[in-house]
Amino acid sequence: MKACIPIRCNTACNFVKGKFPYHWDLNVYRGCTHDCKYCYARYSHKYLQEEGEFSDAIFVKTNIAEALEKQLRSPKWDKSVINLGGVTDSYQGAEAIEKQMPGILRLMIRYNNPIIISTKSDFILRDFDLIDELSRKTYVNIASTITTADEVLQKKLEPGAVSPKRRFLMLKEFGKTKASTAVHMMPLLPYLTDGEENLNAVFSQAKEAGVDYLLTGFLYLRGETKKVFYHFLKEEYPHLWAEYQNLYGNGGLKDYKKPIYEKIWRIRQKYQVSADYKSRLDREVYGKMQPIQLTLFD
Ligand code: SF4
């Protein structure tokens, strides 16, 4: 793999608005070699001055641990949950060379700070001991996006990511810690991953891996994501082009969703896999906190 381009950051964690179970996001990298065809984060590359594709030119924030410590030790910091890797995967291939995550996790342990990590890589197991230690001190959630159990489709959709089987095994391993674990089955891709067979396969393997919850979410297409996804569709599944035009170009998504929601509900009941991501977070973190401060850091 190509070497990363070093950059420096002013702040490690950025405030994020929206209905997320966290308000702070930390991204070690910019760009992501997993190259998912539905990736929503592609917009983040267009703000960089340097040329390069999202999955090709990877930037690493070399001073991120230093910047993080500055935030964590500030008297203004209230031990908010930090989401590691909301815009890029913290355990993509570059991490094997850059080794930024162990330093970040050690700081989380020192400052007793709750975290969420979402990754499509089982390389996170390198840091198992650190994550285990942190999970015994505070809230930790390890989540993996798994859209399909079909390895052929997965390789087309997420060419740089490890197989769904390895992701389930990784989640099962973290079940041995005190961290909560989750599958994000999102985005659901119409006519590709929303079928009975795939839903049963993902829910049953999530059950087998012992995850705490599984969330689903529909595909939304706009901007750069729309361009890349439509190109993928034309190349790989041209027969679905008209169906997608109907859903995303002619307002058909609303009618499409209802039966899919019903199907998911039925399969969720069958495997008894929860969708509750909130109770434990409220109990272990937000129940103990002051209302979230909106103060941004200098
Ligand atoms: S792993 Fe996440 S950030 Fe990386 S390409 Fe896939 S969707 Fe985008």
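For the sequence shown, counting from 1, position 113 maps to 634 in the numbering used here; every step adds exactly one. Just so you know, even glycine gets a beta-carbon here, dropped at the ideal spot from N, CA and C. Note that this is a predicted model, so its numbers are computed, not measured.
Given residue i as reference, the closest of the options once Cα atoms are compared
i, options, result
"Gly738", "Ile781, Val673 and Asn721", "Ile781"
"Leu710", "Cys560, Lys523, Pro542 and Pro527", "Cys560"
"Gly696", "Asp650, Arg631, Leu736 and Val549", "Asp650"
"Met629", "Lys641, Ala562 and Leu589", "Leu589"
"Asn531", "Tyr792, Gly770 and Lys591", "Lys591"
"Ile636", "Leu774, Ile652 and Leu646", "Ile652"
"Pro623", "Pro759, Leu655, Asp546 and Asp599", "Leu655"
"Met691", "Pro708, Thr640 and Glu783", "Thr640"
"Glu587", "Val549, Leu646, Ala670 and Phe753", "Val549"
"Arg647", "Ile667, Gly773, Gly770 and Ala617", "Ala617"
"Lys538", "Ser800, Gly607, Gly681 and Ile667", "Gly607"
"Arg804", "Ile528, Ser611, Gly614 and Thr659", "Thr659"
"Phe575", "Thr698, Ala533 and Thr609", "Thr609"
"Arg551", "Ser642, Arg529, Met707 and Leu720", "Arg529"
"Lys693", "Asp733, Cys525 and Ile585", "Asp733"
"Asp797", "Ile526, Ala524, Pro542 and Cys525", "Pro542"
Residue environment, residue i, which counts as buried when at least 16 other CB atoms sit within 10 Å
i, result
"Lys582", "buried"
"Glu619", "buried"
"His555", "buried"
"Tyr765", "buried"
"Gln790", "exposed"
"Ala533", "buried"
"Ala763", "exposed"
"Leu817", "In this prediction, Leu817 has a pLDDT of 34, which is less than 50 and means its spatial position is unreliable; what the coordinates show is noted afterwards. Label assigned to Leu817: exposed."
"Asp577", "exposed"
"Phe644", "buried"
Close beta carbons around residue i, own chain, < 6 Å, minus the five adjacent residues each side
i, result
"Val794", "Phe724, Ala727, Lys728 and Leu735"
"Ser684", "Glu672"
"Ala664", "Ser639, Ala703 and His705"
"Lys747", "none"
Any non-hydrogen atom of the ligand SF4 closer than 6 Å to residue i Cβ
i, result
"Cys534", "no"
"His752", "no"
"Phe779", "The question names Phe, but residue 779 in the sequence shown is Lys. Incorrect: Lys779 has no Cβ contact closer than 6 Å to the ligand SF4."
"Cys525", "no"
"His544", "no"
"Asp610", "yes"
Cutoff 8 Å; reference residue i; Cβ partners in own chain excluding five residues on either side
i, result
"Gly744", "Arg563 and Tyr564"
"Asn767", "Gly773"
"Tyr777", "Pro711 and Leu768"
Sequence-distant residues of its chain with Cβ nearer than 7 Å to residue i (five each side left out)
i, result
"Leu593", "Leu628, Tyr632 and Asn634"
"Lys558", "Leu678, Val749, Phe750 and Phe753"
"Val806", "Val602, Pro635 and Tyr660"
"Trp598", "Gln592"
"Pro812", "Reliability of the predicted coordinates at Pro812 is poor, the pLDDT of 46 falling under 50, and the value obtained from them is presented with this limitation in mind. There are no such residues."
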